[in-house]
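Student: Residue numbers (the working numbering), protein chains in the order written: chain A, 99 to 500; chain B, 99 to 500. Structure in structure tokens, see below.
So this is what it looks like as structure tokens:
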């Protein structure tokens, strides 16, 4: 196996969210009758249940009608749209963002993450990645020939914050970590970093000269009135921080492929150079849709958050009553659920769930190799269908419980 | 300068098409009065002059209304859309393409190129790149830590074909080239490879086990009834060939960010794995627009080709009358024009042209470092405005001619 073959062997997508239709499903041990009900795909949010921000399609159509200047923007995005987004994100984070030098629009938040990583991670560089954290983080390190330095989270802990051990993080920085990438709220647990944790990250990054990429994709959907602190507000060296955010989740605009990165002018500059050879630019007409972001109708966001919080509570009640463990989501729409011991492997159980109960979940192993008894769900779904799907899931857990 | 800094220093975009607004323009020697007229940006086609395929916006809107299944497709693209595209491209190329295994939809043809290159080029691998050829080709090799092996084209030659020296290509293959990337029709010259050249490439690739990435972005817009031969029809090892194409140019769909790659199942599989961490997928709603591709109204393509051929002829007549040299475009909408000796550098002349005549062209050095006396134009523009802009350009050439 040559180097390139080895690299791609580590980038498997068979169990990645949304790829389930490509799975091999031979030889599964299907117990009992098939459980019927409305199929639910918990691997991502359902934009039919929670629709895009009202008026977004109209903005897209206007973009098409405005023609060439919207189709062909600068690689980093159209100037006046960057200006509008920079102002809105400055208000959201409390930090001034220069639209011309410190912000880039990308085809989805995934692209923002990839470009930021590629701008910061050189061959052989050590990269600290939390476990569990977003499934693509480790794969980007592999692709870029970086060296993965896993840092553990006490992800089922009930302490304040996400459960980051700042001492362990400092040890990794001391050992030569160049780049630290993390999501806040944490994906897959939905935990928010505490003030102490965020302040600690900023201090350690400054002390050891570490570049930090903060994925704040879900930072607008905060439950129970909790506090959320943006890392960029904590005095980090502005040359070494990039924050990534986008309207794909809470705002259900994933189909338009829009993401944003802001921060270090030096890194944003590299990201634009790279975007020029990776995909040229975020879809031109889609960029027009960003006008609706952070500009939603009065009460729209509040209502959306309340609806998600109710689904979260109903699912957690069901899961806990059945003896399954999960931390209460503090922001975003993920639950990371721990299974009891089963007679089948996690990957087989996930396949059985799909084939035998029309329920799709993402195996915990996508978030770290050790999570062989966990799965993630995105509960941004039709409320009733989600509850019924969790009931089917629990029935199957009972059938396979040791 | 660390390795990563060196790498990004080679990925400059200041002079790349579409990025001109970010240029520094101090200290230019502006001669004579400013030349006024309708501004023309020859760095890319004008989708206001040549509009997208009729009905494409309606398809997009339908896509949005069909909801989640269109927003969240497999990473390689929605199954039934891949099936439709595979059938159309099979007819176009005369080669059977398996929609499930041999085709991927990407965010623009640029993304298809990048993913194909990243799937095939390992660190230190030798990559043969023609000069001149598409400006991003060399940059992708730099980013992937490949070793660039330039192969020259007799690009101003009047012989049949693009002017590829098959002996020079064979020497590069003998010397260990792993991957060969080229555009046909050639960007920037608009020359089409002859039957002998294409057959020769296929034979040499098979003989030396070289992987070939064929960029056929402009292969539908062929002038003067010329013959166009797809490399994939010439018996190349199917495991080692990826062809890239898309509806951004002739079809003016660039604003939707859609591209396609087809060929080697092994490489397409790698491309999907990589797409999962680079941008997830081509914009979901945009994918619906592919239904209109190769399905244009009767006569639409023929008319578009005829209109471009007329603009080509008018511009060439003007340029040649003024003593500038350019090969006659055989396909696509580029002209690669050789300048007489000027009193200012190429990069300064290009800036002066923009500031002093509202005409944007792309400097030849984007296509190879040696092309310091050439520029490229995309003549997919409003006919009258393009002719007037070329007249202004010629006036400025006269002002700066030695």
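Virtual Cβ for every residue (Gly too), placed ideally from N, Cα, C. This structure is a prediction, so every number in the text was calculated from the model and none was measured.
Apart from the five residues just before and just after residue 416 of chain A, which ones in its own chain have a Cβ nearer than 6 angstroms to its Cβ?
Tutor: 488
Student: So, does the stretch 302-310 of chain A touch the stretch 327-347 of chain A, judging by three or more C-beta pairs under 8 angstroms?
Tutor: yes
Student: Check each residue of the stretch 131-157 of chain A: if its Cβ is closer than 7 angstroms to any Cβ of chain B, include it; give the result in chain order.
Tutor: 142, 144, 145, 146 and 155
Student: Does the separation of the CB atoms of residue 226 of chain B and residue 275 of chain B fall below 7 angstroms?
Tutor: yes
Student: With DSSP as the reference, label residue 376 of chain B as helix, strand or coil.
Tutor: helix
Student: Mark residue 398 of chain A as exposed unless 16 or more other C-beta atoms lie within 10 angstroms of its C-beta, in which case mark it buried.
Tutor: exposed
Student: Could you give the residue range of the alpha helix (DSSP H) that holds residue 382 of chain A?
Tutor: 382-385
Student: Who does residue 250 of chain A pair with in a DSSP beta bridge?
Tutor: DSSP lists A:229 as partners of residue 250 of chain A.
Student: Throw me the rounded Cβ distance for the residue 123 of chain B and residue 453 of chain B pair, which I believe falls under 8 angstroms.
Tutor: Contact holds; Cβ gap of about 6 angstroms.
Student: Name the two residues that bound the continuous beta strand (DSSP E) containing residue 410 of chain A.
Tutor: Counting along the chain, residue 410 of chain A falls outside any beta strand (DSSP E), though it belongs to the alpha helix (DSSP H) covering 398-419.
Student: Taking 7 angstroms as the threshold (beta carbon to beta carbon), is residue 359 of chain A in contact with chain B?
Tutor: Judged by the 7 angstroms Cβ criterion, residue 359 of chain A is not in contact with chain B.
Student: Cβ of residue 486 of chain B less than 7 angstroms from any chain A Cβ?
Tutor: no
Student: Can you tell which of B:284, B:99, B:328 and B:216 has its C-alpha closest to the C-alpha of residue 364 of chain B?
Tutor: B:216
Student: Look up residue 106 of chain B in the DSSP assignment and say whether it is helix, strand or coil.
Tutor: DSSP places residue 106 of chain B in the helix class (H, G or I) of the three-state scheme.
Student: Taking only three categories from DSSP, how would you classify residue 135 of chain B?
Tutor: In the three-state reduction of the DSSP assignment, residue 135 of chain B falls in the coil class.
Student: How about residue 202 of chain B and residue 234 of chain A: do their beta carbons lie closer than 7 angstroms?
Tutor: No, these two residues do not count as a Cβ contact at 7 angstroms.
Student: First and last residue of the alpha helix (DSSP H) that includes residue 265 of chain A?
Tutor: 264-272
Student: Could you list which residues in chain B have their beta carbon closer than 9 angstroms to that of residue 232 of chain A, in chain order?
Tutor: Correct list: empty, because the minimum Cβ distance to chain B is about 10 angstroms.
Student: Name the DSSP beta bridge partners of residue 473 of chain B, please?
Tutor: B:435 and B:461, per the DSSP bridge assignment.
Student: Is residue 235 of chain B near the ligand SAH, judged by its Cβ being under 6 angstroms from some heavy atom?
Tutor: Among the ligands in the structure shown, none appear at all, so the ligand SAH cannot be discussed.
Student: Applying the 10 Å Cβ sphere with the 16-neighbour rule, what's the burial state of residue 406 of chain A?
Tutor: Buried.
Student: Specify the secondary structure class of residue 190 of chain A as computed by DSSP and reduced to three states.
Tutor: helix
Student: State the start and end residues of the unbroken alpha helix (DSSP H) segment that holds residue 491 of chain A.
Tutor: 481-498
Student: Along the stretch 335-364 of chain B, what residues have a CB closer than 7 angstroms to any CB found in chain A?
Tutor: 352, 353, 354 and 355
Student: Use the C-beta contact count for residue 179 of chain A: other C-beta atoms within 10 angstroms, 16 or more gives buried, fewer gives exposed.
Tutor: buried
Student: Taking the alpha-carbon positions, what's the residue 254 of chain B to residue 425 of chain B distance?
Tutor: Rounded to the nearest angstrom, the two C-alpha atoms are 6 angstroms apart.
Student: Using DSSP bridges, identify the partner residues of residue 279 of chain A.
Tutor: Looking at the DSSP assignment, residue 279 of chain A forms a beta bridge with A:227 and A:311.
Student: From the beta carbon of residue 448 of chain A, is the nearest beta carbon of chain B less than 7 angstroms away?
Tutor: no
Student: Put residue 426 of chain B into one of helix, strand or coil per three-state DSSP.
Tutor: It is coil, neither helix nor strand.
Student: Can you check which of these residues, B:155, B:125, B:486 and B:186, is closest to residue 442 of chain B by C-alpha distance?
Tutor: Closest by alpha carbon: B:125.
Student: What are the start and end residues of the alpha helix (DSSP H) that includes residue 342 of chain A?
Tutor: Taken as a continuous stretch (DSSP letters only), residue 342 of chain A belongs to no alpha helix (DSSP H), being part of the beta strand (DSSP E) at 339-343.
Student: Which residues share a DSSP beta bridge with residue 204 of chain A?
Tutor: A:357
Student: Could you please give me the residues that DSSP links to residue 440 of chain A through a beta bridge?
Tutor: A:499
Student: Can a CB atom of chain B be found closer than 7 angstroms to the CB of residue 311 of chain A?
Tutor: So, not an interface residue.
Student: Just by C-beta distance, which residues in the stretch 157-174 of chain A are closer than 7 angstroms to chain B?
Tutor: 159, 162, 165, 166, 168, 169, 170, 172 and 173
Student: For the alpha helix (DSSP H) holding residue 297 of chain B, just list the boundary residues, first then last.
Tutor: 293-306
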